[in-house]
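Here this note's numbering is used: the first residue of the sequence shown is 860, the next is one more, and so on.
Yeah, the Cβ is synthetic: ideal placement off N, Cα and C, and Gly gets one too.
See structure below.
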Amino acid sequence: MKKYLLLALSTAFIISCTKVEEKISQEITKTSDHINETAQNAVKETLHETLNNSISSLANAENAEFKEVFPTGDPTMISEFKGKKFTFPNGSPAFLFKYKAEKETLLPFLESQETSDIGKSDETARKIDGQSFIDKLSFVEKFLPENTIDMSFLQDIKNDKSIEYYKLKRYPNKSTLIYNPKTQQVYQFVEVSK
């Protein structure tokens, strides 16, 4: 009889331990799922907030003048000027300028701009393949609310093979220029590093 009683108690103890182990396993799984869900929600919220801040700063673009970025510029060098200033989420200002100018006058002027760090600056503007810049602009355009910044020029520059693209870093300014040699139309995107 003692053997049966000892066997019954041992079986009950093993069953009890198994149930405790199952309960612990369930709690661990439940807690892990909750932590993963919380982490995913935090990432989604952060991404959503960053995107909203970016769009908000672009939507709040304000008018800007060429002299804000290039104070020594000769006003007769450019014509038909329009400019917008906006702020990136990191706080750095950026400008989008549209104007007409002769490339032979504009590029030397931009190359002669003072720099606060010659090591981070280019001596001359370099011609680049504009496809990656167009791709970036096209991506940004998808997220902009309507009538924020007129991006209709994108279609024109995508289809015109005579368009020239230039990059020039004169720290803290980094310019990307889109130049149409037929019309002398310039689109200049200026990022100001902090």
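Within the same chain, show all residues whose beta-carbon is closer than 7 Å to that of Tyr-1030, passing over the 5 residues directly before and after it, in chain order.
-> Within the sequence shown, numbered from 1, the residue matching residue 1030 stands at position 171. Contacts found: Thr-974, Ser-975, Asp-976, Lys-979, Ser-980, Ser-1052.
Is it the case that the CB of Pro-930 approaches a heavy atom of the ligand ADP more closely than 7 Å?
-> The model depicted lacks the ligand ADP and carries no ligand whatsoever.
Gln-1014: buried (16+ other C-beta within 10 angstroms of its C-beta) or exposed?
-> Taking the first residue of the sequence shown as 1, we reach residue 1014 at position 155. Gln-1014 comes out exposed.
Roughly how many angstroms separate the alpha carbons of Val-1045 and Asp-988, rounded to a whole number?
-> For this step, residue 1045 is matched to residue 186 along the sequence shown. For this step, residue 988 is matched to residue 129 along the sequence shown. So the alpha carbons of these two residues sit roughly 16 Å apart.
Separation of Glu-886 from Asn-895, as counted between CA atoms | On the sequence shown, residue 895 is found 36 positions in, with the first residue counted as 1. On the sequence shown, residue 886 is found 27 positions in, with the first residue counted as 1. Looking at the two C-alpha atoms, the distance is approximately 14 Å.
Starting from Phe-945 and walking both ways along the beta strand (DSSP E), at which residues does that stretch end?
-> Residue mapping note: residue 945 aligns to position 86 of the sequence shown, counting from 1. Note, Phe-945: beta strand (DSSP E), 938 to 946.
Given 8 Å as the limit, is there contact between the stretch 1020 to 1036 and the stretch 931 to 941, that is, 3 or more CB pairs closer than that?
-> Output reads no: the stretch 931 to 941 does not touch the stretch 1020 to 1036.
Determine the extent of the alpha helix (DSSP H) in which Glu-970 is found, giving its start and end residues.
-> Counting from 1 along the sequence shown, the entry for residue 970 is found at position 111. Glu-970 -> alpha helix (DSSP H) spans 962 to 970.
Gly-950 and Ala-923 look like a contact to me (Cβ under 8 Å); what is the Cβ gap, rounded to whole Å?
-> As a working mapping, residue 950 is identified with position 91 in the sequence shown. As a working mapping, residue 923 is identified with position 64 in the sequence shown. Between Ala-923 and Gly-950 the Cβ distance is about 17 Å, and since that is not below 8 Å, they are no contact.
Given Glu-961, which residues of its chain have a CB within under 7 Å of its CB, disregarding the five upstream and five downstream residues?
-> For the purposes of this step, residue 961 is taken as residue 102 along the sequence shown, with counting starting at 1. Closer than 7 Å at the Cβ level, and outside the excluded window around Glu-961, lie Gln-1043.
Helix, strand or coil for Pro-934, going by three-state DSSP, please let me know.
-> Your numbering for residue 934 matches position 75 in the sequence shown. Pro-934: helix per DSSP, three-state reduction.
Which residue comes first and which comes last in the beta strand (DSSP E) that contains Glu-1050?
-> Residue 1050 sits at position 191 when you count from the first residue of the sequence shown. Element bounds for Glu-1050: 1044 to 1051.
Where Lys-986 falls, given that 16 or more other Cβ within 10 Å makes a residue buried = The residue labelled residue 986 in the question sits at position 127 within the sequence shown. It is exposed - the Cβ of Lys-986 has fewer than 16 other Cβ atoms within 10 Å.
If you compare alpha carbons, which of Pro-967, Asn-1039, Gln-972 is closest to Asn-1018?
-> The residue you call residue 1018 lines up with position 159 of the sequence shown. Looking at the Cα atoms, Asn-1039 is the closest of the given residues.
Any idea what DSSP makes of Phe-929, helix, strand or coil?
-> On the sequence shown, position 70 is the one that residue 929 refers to. Coil at Phe-929, not helix or strand.
Count the other CB atoms within 10 Å of the CB of Ile-937; is the residue buried (16 or more) or exposed (fewer)?
-> Residue 937 sits at position 78 when you count from the first residue of the sequence shown. It is buried - the Cβ of Ile-937 has at least 16 other Cβ atoms within 10 Å.
Tyr-1025 - partner residues in DSSP beta bridges | To locate residue 1025, count along the sequence shown from 1; it is residue 166. Lys-986, Leu-1036.
For Ser-971, which of Lys-1028, Ala-953, Ile-993, Pro-952 has the nearest alpha-carbon?
-> Residue 971 sits at position 112 when you count from the first residue of the sequence shown. For the residues Lys-1028, Ala-953, Ile-993, Pro-952, the minimum Cα distance to Ser-971 belongs to Lys-1028.
Under the three-state DSSP convention, the category Glu-973 falls into | Reading the sequence shown from its first residue, position 114 is the one you call residue 973. Correct three-state label for Glu-973: coil.
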